[in-house]
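One line per chain: the protein sequences are A and B, in this order. For the first sequence, counting from 1, position 260 maps to 285 in this note's numbering; every step adds exactly one. For the second sequence, counting from 1, position 25 maps to 278 in this note's numbering; every step adds exactly one. Glycine included, C-beta positions come from ideal geometry on N, C-alpha and C.
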Amino acid sequence: LKDVKHIVIILGAVLFFLFILEKSYDYLLHENLNIKTSYVVNHKIDADLLIVGPCVPDWMLSPELLKKETNLSAYNLAKPHFSFPDIYLNLHLYLRENTPPKNVLMFVSPESFDLNYNIFNSYLYGPFLSDSIVNKVVLDMDPDYMKWTSFPFMKYAYYNKKYHFNAIQGLKHILKNKKSPYFIDGFEPQFNNWKITPDAFKSEYPKNYSFSWDPKRAFYFLKIIQLCSEKDIQLILYESPFYSSTYSDSQNRQKIINKTKKIVEKHAIPYFIFDTLDMSHSMHNFQTSINLREQSSIEFNKLLGKLLSDSIINK
Amino acid sequence: MSLNSLAYFAFLGTSLLVYFLTPKNYKKYIVLLASFLFIGIGSLDSLVVLIILSTSTYFIAKKLSNTPINRVRKLHYFSGLALNCLAILLFKYLENGFEGYETFFKESSTHHFFLLLGLSFYCLQNIGFLIEKYFNRFKEEISLIDFFFFNAFFPKLIAGPICQPHELLPQIGRVEVKKDQIIAGFQRILLGLVKKMVIADRIAPGVHEIFDIDGPGNGITALFTAFLFTIQLYFDFSGYTDIAIGSAKLFGYNIKENFNLPLRATSIRDFWRKWHISLTSWLTKYIYYPISFHLRDNPVSSVILGILITFFLSGLWHGFGITFLIYAISHALFIIIELYLEKRNWSIARILPPTISRFISGLLTFSLVSFSLVFFRSASLHEAFSYFAVLFDLTHFIPKDFLYEVIAPLALGGDQESLFNFYVTIALVLIFLLLEKRIERLFHSSELKIPIIVGAILVLFIFGIVESTEQFIYTQF
């Protein structure tokens, strides 16, 4: 009987502490203003133009610069490594608490459908698993993770390296009564003085790289289109300039682009591809094959803003 | 089945349940069945090879017991030794050719090992058994079933500890599981999981980044990474051993300890007394002592040759790669130098206070071990020398931007989150190493320590790497 008592004490204590930890992390991660997903769920953004996608728009598209050209209030909801399921979930969570924007501007390139580029960031949704749509998508994308989540705290323990810093930052925001995130409009410029060499660019794509088309990514691409259509949002797709010699030997880049175009044409979604700009030819305008440097990025924001304004918004 | 996987604990739990429900006389059959199942699930080839090698060794050893000392007996003895030695050598060759373990560290997902679980560990047990029988030092008659058990006992099958006949065979079928053993077993398993998942697996990505992808950009990164790999290897291997010993205890069996705070060693000899103890004692007993005995007329060459041959064979046991041989031979040379200095009565302990001399000796030993492990960890000799070229390039030893050029590569990024995680890892390593003696004592105890157990489980959940199960490094041998 004494042994049983000991086992019960151990199990009880462990479960109790894990339960407390889970609730604390739920709260702290919700309160972290720098986690865009938490921020848009807890704060009214109500932007007219919502920018979504992976690092390319996150680091390059400035709502402030775009506003100057379009006169639309904008928020950048993009995040590095985001794939379509991430974009879909973030859009869903944004729309749960905010008025639907007039336009959603989404970065789409052949990399978007290729599993070698970007990932599904399951860990971001730990605090939002009570939402049935979030739960369903995470289960679909990362069943191994979901297997664990019914056990107390395991939704945080599984990818724990991704949470501790953010939880502590959340605590700091609570204690300091912080009202706005570090990047207020979501634009997170990452203009580094990375040493640029032709070899560095080449190493990003193996010779004769052939892009793959992942059906799951394509499925969530369609889900985004569907969600925007349901909420009466004009979805706009774009691909920003890339360093021209990067894709020079790619076998099927154009094929993937055409395939994407075919899908979006059916839904009357505009898709702008900036593959003929002069800036594409100089390595010095880029910090990676698809990310522009600061000055060229400013130029691109102006160009994109003007194009949006002329061809869609003012029309 | 990795010893820190959920599958292993489900397997262990089920085996224990059946074990406790089975009458005492049949318990050993249940363990043997579980062990065969464990190997069979991993690879059927492994099971077949284990059965063939164990059966052959058993019957050869049986002949040794029944035959008077003559040529036939010698022939049996040497054929038994040759069979097991060839099995190890063939296994090592088929596994990786004459290369180092490049593919294990660099392309573990795509590389197909010629997988024979635990072969190099149980072959050493077979050789030990034959030697003991040949010299009539192990007189007990055992059944084939017991011998299968001796080799196949699943907690220690994949990466040891290597058992000598008198350590495990007399226990088979005679053990009784007591409450304090269950407590001790459970606590040891917990300690092993913490070592593996909270320390070793947190260090692994940074070490992998420097050794396999980017290379060290400067001396201090090279030094720091070499130290970190030593710590990773220790926590990985001793974590495995803790889980193995703990699991064995749950069945009532005591198997040999493999580590005794080796990172606190104050000389290379001291290090080998504390590191991979089961292999060291096996090599000492079956290789070093016989060589020294044969060359006893010339004490100096008996010691030097004994050390060199023993370490050479230890290197060969790890793999055919030249890197493993250099790793092993470097240790032999360190020990020979140590003996020479000792003979000349040169020691820093003579000129410095004991605490300081112990600290300096400890640091020197740790550094030498870490440098030798660069060979162990490198994919090729060329890679190892390139690593040393950076390590000893004093003109670029400390870079201008320490955070960007030293910490960020090891932290896998210069962002706040990556740096935070890296500092947490370093803090956990330091805390563990500083309190190691106390932690080991607490977890080795057979007294139930509820706050310690609860604390360890929480640490495991909060800091342990769960999402990607890194293989135990020594399972490749």
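Test item: CB-CB of residue i and residue j under 8 Å
i: I703/B; j: I199/A; result: no
i: S275/A; j: Y245/A; result: no
i: F624/B; j: A437/B; result: no
i: S671/B; j: A680/B; result: no
i: V163/A; j: Y183/A; result: no
i: D518/B; j: K527/B; result: Inspection of the sequence shows that residue 518/B is occupied by Ala rather than by Asp. Result yes, Cβ atoms of A518/B and K527/B sit closer than 8 Å.
i: L97/A; j: I337/A; result: no
i: V77/A; j: V133/A; result: no
i: F673/B; j: H55/A; result: no
i: V451/B; j: F675/B; result: no
i: L443/B; j: I706/B; result: yes
i: V39/A; j: L118/A; result: no
i: L46/A; j: F153/A; result: no
i: R691/B; j: F482/B; result: no
i: N316/A; j: V81/A; result: yes
Own chain residues within Cβ distance below 6 Å of residue i, not counting five before or after
i: N507/B; result: none
i: Y261/B; result: M254
i: V659/B; result: I473 and T474
i: S147/A; result: V163, D167 and Y170
i: K327/B; result: none
i: T533/B; result: W525
Outcome for residue i when other beta-carbon atoms lying within 10 angstroms are tallied against a minimum of 16
i: D210/A; result: buried
i: R441/B; result: buried
i: A335/B; result: exposed
i: D257/A; result: exposed
i: D399/B; result: buried
i: F44/A; result: exposed
i: T310/B; result: buried
i: S362/B; result: With a pLDDT of 38 at S362/B, under the threshold of 50, the predicted position of this residue should be treated as unreliable, and no value is reported.
i: L58/A; result: buried
i: Y346/B; result: exposed
i: K392/B; result: exposed
i: G37/A; result: exposed
i: H329/B; result: buried
i: F212/A; result: buried
Inter-residue spacing [alpha-carbon to alpha-carbon] between residue i and residue j
i: Y487/B; j: R455/B; result: 13 Å
i: G266/B; j: T222/A; result: 56 Å
i: I323/A; j: D156/A; result: 38 Å
i: L53/A; j: Q194/A; result: 8 Å
i: G330/A; j: K241/A; result: 31 Å
i: P266/A; j: H571/B; result: 52 Å
i: K203/A; j: A293/A; result: 42 Å
i: H547/B; j: V284/B; result: 41 Å
i: D167/A; j: P110/A; result: 11 Å
i: H530/B; j: L270/B; result: His is not the amino acid found at residue 530/B; the sequence shown has Ile there. Going by the C-alpha atoms only, they are around 32 Å apart.
i: K172/A; j: I144/A; result: 19 Å
i: Q485/B; j: I726/B; result: 9 Å
i: D83/A; j: T678/B; result: 29 Å
i: G413/B; j: D28/A; result: 31 Å
i: F366/B; j: S373/B; result: Model confidence at F366/B stands at a pLDDT of 48, short of 50, so the residue's coordinates are unreliable; what they give is reported in the following sentence. Rounded to the nearest angstrom, the two C-alpha atoms are 14 Å apart.
i: F650/B; j: A642/B; result: 11 Å
i: L503/B; j: E429/B; result: 10 Å
i: S555/B; j: I540/B; result: 12 Å
i: I112/A; j: V719/B; result: 26 Å
i: L86/A; j: K61/A; result: 15 Å
Close Cβ partners of residue i (< 7 Å) along its chain, the five nearest in sequence each way excluded
i: Y268/A; result: F226, S305, M308, F311 and S314
i: K448/B; result: F488, S491, G492 and D495
i: L634/B; result: I575 and T576
i: L332/A; result: F297
i: F564/B; result: A581, I582, H584 and A585
i: P135/A; result: F236, R278, I281 and I282
i: A287/B; result: S268 and F407
Contacts around residue i, its chain only, beta-carbon distance under 8 Å, and the 5 residues preceding and following it disregarded
i: E591/B; result: S520, I521 and R522
i: K359/B; result: With a pLDDT of only 44 at K359/B, under the threshold of 50, the placement of this residue in the model should not be trusted; the figure read from the coordinates follows. Counting only Cβ-Cβ distances below 8 Å, and skipping sequence neighbours, we find D465 and A632.
Near-chain A residues of the stretch 706-729 of chain B (beta-carbon distance less than 9 Å), N- to C-terminal order
Only those residues of the stretch 706-729 of chain B whose C-beta falls short of 9 Å from the nearest C-beta of chain A are listed: I706, V707, I710, L711, L713, F714, I715, F716, G717, I718, V719 and E720.
Below 7 Å between beta carbons is the criterion; list the residues of the stretch 573-587 of chain B that meet it against any residue of chain A, in chain order.
Under the 7 Å Cβ criterion, the stretch 573-587 of chain B contributes no residue.
Counting only Cβ-Cβ distances shorter than 8 Å, please list the residues of the stretch 663-675 of chain B near chain A, keeping chain order.
Those residues of the stretch 663-675 of chain B that come within reach of chain A (Cβ to Cβ, closer than 8 Å) are Q669, E670, F673 and N674.
Cβ-based contacts, 7 Å cut-off: residues of the stretch 140-157 of chain A near chain B
Listed in sequence order: no entries.
Please identify, using Cβ separations under 7 Å, the residues of the stretch 597-610 of chain B that lie next to chain A, in order along the chain.
Under the 7 Å Cβ criterion, the stretch 597-610 of chain B contributes no residue.
Contact list for the stretch 675-708 of chain B against chain A, Cβ threshold 8 Å
For the stretch 675-708 of chain B, the set of residues with a beta-carbon nearer than 8 Å to any beta-carbon of chain A comprises V677, L701, I703, I706 and V707, in chain order.
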